[in-house]
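Structure first, commentary second.
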């Protein structure tokens with residue numbers, strides 16, 4: 211099995227996919243860093259200070275103004291209310307929610323890329339790991355060796371998991387090192403609040419805990435990794451089912467983008483919560499942002515993802531070991 | 011008795027409701043080149059894909075080196091090397107890395123064997139170049155090197171000379187003969203080109219519409235159908251003489267053919283001469299597989 215994984219790695223490296231992904235991540239991180247830097251500058255200019263208390267005070271006032279505007283929808287109003295209460299909580303407890311520094315940037319970057327960006331990068335590798343063998347015809351050589359088919363597929367799947375872990379690690383490393391050039395590398399120990407829960411009555415702060423940023427980051431990484439694995443497995447399944455890499459990518463892309471759109475508009479369609487793509491934003495639960503559909507919790511989303519993962523894996527192996535290759 | 015390396019018994023494949031392969035049986039012996047001849051769409055490729063485990067047979071058995079490929083896939087595949095259609099190796103890897111890749115899938119095959127097969131197919135100088143820079147002939151040779159890595163007993167080559175130039179075809183033919191004669195491999199070669207099978211194979215199975223029409227040695231198939239072609243003067247008189255002695259067949263160019271029988275030829279000639287017919291030409295004609303094939307399949311189309 212080790213040698214088979216070595217084979218898959220050799221092909222992956224020769225295709226230079228990981229390098230391309232690293233470059234894409236690098237460029238994006240640099241862009242975001244610059245955007246964040248500009249935003250900080252602007253705020254400083256506007257408020258005449260870079261004291262976070264003043265900034266957060268100003269944000270709260272903004273939010274209050276928007277809530278009292280009559281043209282805003284009830285749903286949006288409720289979300290703003292929750293964000294406002296959170297900000298108030300931070301202010302009351304004298305904790306800076308966005309302590310400047312590379313770790314904070316990394317946290318925000320991860321939270322914003324969990325839904326679309328990281329899954330897209332994973333998809334680049336996962337969607338052609340099997341179908342490229344078909345389109346090249348090399349599957350005919352691969353499956354006529356004295357190695358059972360499930361072993362061939364398992365080696366590919368394990369390689370995929372390795373590659374996904376690498377992508378997540380690269381994303382972390384690059385976002386830390388590049389943003390650190392601008393914001394400095396400190397801030398691991400900054401306090402972060404977690405455990406907000408959203409109930410019918412609004413924001414519930416009863417179980418809020420204060421933890422160090424590095425602990426929070428560790429959890430974020432775990433969640434990002436989990437999402438990446440699930441999305442990777444589903445792309446992998448499509449790669450087994452659909453011979454054309456482009457078609458497989460298209461299907462997965464449509465699913466991911468529809469997920470991003472759906473989470474913004476399905477709050478009244480309750481059964482949509484069983485789609486895997488509306489459950490991808492796991493880090494939201496950690497921040498206490500309201501879920502796209504009422505009643506969704508971290509454990510619910512993880513269960514949904516787990517079921518999709520199992521199904522994807524089962525279908526992949528079942529089809530791959532049974533199907534005739536022409 | 012010679013060793014049987016590959017045996018196929020009553021192999022069938024049904025796709026949907028259509029029976030594509032209708033019960034094929036044949037055997038390969040050690041050291042022989044076996045031809046698999048049929049027009050496009052006769053079921054050659056489907057059969058070969060079943061032999062190498064890419065397609066599951068609906069019924070029937072395939073044994074390679076004594077192991078059934080259904081129950082003992084790994085053991086059976088150890089004795090098999092194959093190229094199905096074109097040798098589609100990884101273009102972005104070097105030739106060496108390709109061989110390394112497939113050596114990893116075999117037990118106990120290391121760098122030494124890779125060097126051996128590289129020498130054997132004469133690719134030593136280019137083995138570290140990327141496969142995408144190879145010519146078709148070189149890819150074909152690399153494909154064979156890959157197939158030989160595991161020291162197989164049976165080599166299956168689907169259309170091995172497809173797309174090669176005449177020199178390449180000749181080289182490939184000599185190489186396949188070498189493998190069978192010197193290394194003792196059984197080689198199964200499929201082709202829709204009759205001339206190729208005729209030059210390359212010891213025995214041949216002719217397949218059409220999913221069934222084997224006949225299996226025999228190439229020599230046997232041909233020798234039964236050798237004819238003698240006569241040209242003589244005056245034509246009508248000569249025909250009359252021959253007709254009284256044996257069955258004759260008139261040909262378009264004014265010549266006459268009779269069955270080849272070593273014992274009777276001299277006699278026939280003597281009778282003609284004694285009757286005052288002057289024989290201007292007589293020669294033995296080997297039929298080409300083309301005619302044979304048309305005869306056997308009743309005109310099923312072939313290229």
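Chains as they are written, first to last, in our numbering: chain A, 211 to 536; chain B, 11 to 313. Note that CB positions come from ideal geometry on N, CA and C, so glycine has one too. These figures come from a predicted structure and were not determined experimentally.
Answer with buried or exposed for residue i, where buried requires no fewer than 16 other C-beta atoms within 10 angstroms of its C-beta.
{"i": "residue 50 of chain B", "result": "exposed"}
{"i": "residue 177 of chain B", "result": "exposed"}
{"i": "residue 274 of chain A", "result": "exposed"}
{"i": "residue 52 of chain B", "result": "buried"}
{"i": "residue 491 of chain A", "result": "buried"}
{"i": "residue 524 of chain A", "result": "exposed"}
{"i": "residue 211 of chain B", "result": "buried"}
{"i": "residue 259 of chain A", "result": "exposed"}
{"i": "residue 212 of chain A", "result": "exposed"}
{"i": "residue 520 of chain A", "result": "exposed"}
{"i": "residue 352 of chain A", "result": "buried"}
{"i": "residue 348 of chain A", "result": "buried"}
{"i": "residue 215 of chain B", "result": "buried"}
With DSSP run on the structure shown, which of helix, strand or coil describes residue i?
{"i": "residue 279 of chain A", "result": "coil"}
{"i": "residue 224 of chain B", "result": "strand"}
{"i": "residue 15 of chain B", "result": "strand"}
{"i": "residue 514 of chain A", "result": "helix"}
{"i": "residue 322 of chain A", "result": "helix"}
{"i": "residue 313 of chain B", "result": "Because the pLDDT of residue 313 of chain B is 42, which lies under 50, any placement of that residue in the model is unreliable, and the question is left without a value."}
{"i": "residue 352 of chain B", "result": "Because chain B spans 11 through 313 in this model, residue 352 of chain B falls outside it and cannot be assessed."}
{"i": "residue 209 of chain A", "result": "The question about residue 209 of chain A has no answer, for chain A in this structure spans 211 to 536."}
{"i": "residue 168 of chain B", "result": "strand"}
{"i": "residue 344 of chain A", "result": "helix"}
{"i": "residue 219 of chain B", "result": "coil"}
{"i": "residue 198 of chain B", "result": "strand"}
{"i": "residue 206 of chain B", "result": "helix"}
The alpha helix (DSSP H) spanning residue i covers which residue range?
{"i": "residue 426 of chain A", "result": "423-451"}
{"i": "residue 247 of chain A", "result": "227-257"}
{"i": "residue 176 of chain B", "result": "176-193"}
{"i": "residue 362 of chain A", "result": "359-393"}
{"i": "residue 132 of chain B", "result": "Premise fails: residue 132 of chain B is in no alpha helix (DSSP H) and is neither H nor E."}
Under 8 Å, Cβ to Cβ, is there at least one residue of chain A near residue i?
{"i": "residue 208 of chain B", "result": "no"}
{"i": "residue 73 of chain B", "result": "no"}
{"i": "residue 312 of chain B", "result": "Because the pLDDT at residue 312 of chain B is just 45, under 50, the model does not fix this residue reliably, and the value given afterwards should be weighed accordingly. Closer than 8 Å: no."}
{"i": "residue 138 of chain B", "result": "no"}
{"i": "residue 58 of chain B", "result": "no"}
{"i": "residue 13 of chain B", "result": "no"}
{"i": "residue 100 of chain B", "result": "yes"}
{"i": "residue 50 of chain B", "result": "no"}
{"i": "residue 150 of chain B", "result": "no"}
{"i": "residue 163 of chain B", "result": "no"}
{"i": "residue 119 of chain B", "result": "no"}
{"i": "residue 188 of chain B", "result": "no"}
{"i": "residue 46 of chain B", "result": "no"}
{"i": "residue 68 of chain B", "result": "no"}
What residue range is occupied by the uninterrupted beta strand (DSSP E) comprising residue i?
{"i": "residue 295 of chain B", "result": "288-295"}
{"i": "residue 72 of chain B", "result": "69-74"}
{"i": "residue 535 of chain A", "result": "Segment: none, residue 535 of chain A is in no beta strand (DSSP E) and carries neither H nor E."}
{"i": "residue 33 of chain B", "result": "28-39"}
Hey, is residue i close to the ligand ADP, as in C-beta under 7 Å from one of its heavy atoms?
{"i": "residue 290 of chain B", "result": "Summarising the ligand content, the structure contains no ligands, and the ligand ADP is consequently not present."}
Distance cutoff 8 Å, beta carbons only. Does residue i sit that close to anything in chain B?
{"i": "residue 347 of chain A", "result": "yes"}
{"i": "residue 217 of chain A", "result": "yes"}
{"i": "residue 355 of chain A", "result": "yes"}
{"i": "residue 224 of chain A", "result": "yes"}
{"i": "residue 358 of chain A", "result": "yes"}
{"i": "residue 260 of chain A", "result": "no"}
{"i": "residue 418 of chain A", "result": "no"}
{"i": "residue 378 of chain A", "result": "no"}
{"i": "residue 228 of chain A", "result": "no"}
{"i": "residue 396 of chain A", "result": "no"}
Note down the Cα distance separating residue i from residue j, rounded to an integer number of angstroms.
{"i": "residue 533 of chain A", "j": "residue 264 of chain B", "result": "59 Å"}
{"i": "residue 341 of chain A", "j": "residue 279 of chain A", "result": "53 Å"}
{"i": "residue 361 of chain A", "j": "residue 368 of chain A", "result": "10 Å"}
{"i": "residue 90 of chain B", "j": "residue 273 of chain B", "result": "47 Å"}
{"i": "residue 238 of chain A", "j": "residue 232 of chain A", "result": "10 Å"}
{"i": "residue 466 of chain A", "j": "residue 78 of chain B", "result": "45 Å"}
{"i": "residue 220 of chain B", "j": "residue 449 of chain A", "result": "32 Å"}
{"i": "residue 292 of chain A", "j": "residue 500 of chain A", "result": "8 Å"}
{"i": "residue 24 of chain B", "j": "residue 31 of chain B", "result": "7 Å"}
If we cut at 8 Å on Cβ distances, does residue i have a partner in chain E?
{"i": "residue 92 of chain B", "result": "Looking at the structure shown, chain E is missing, and the protein chains on hand are A and B."}
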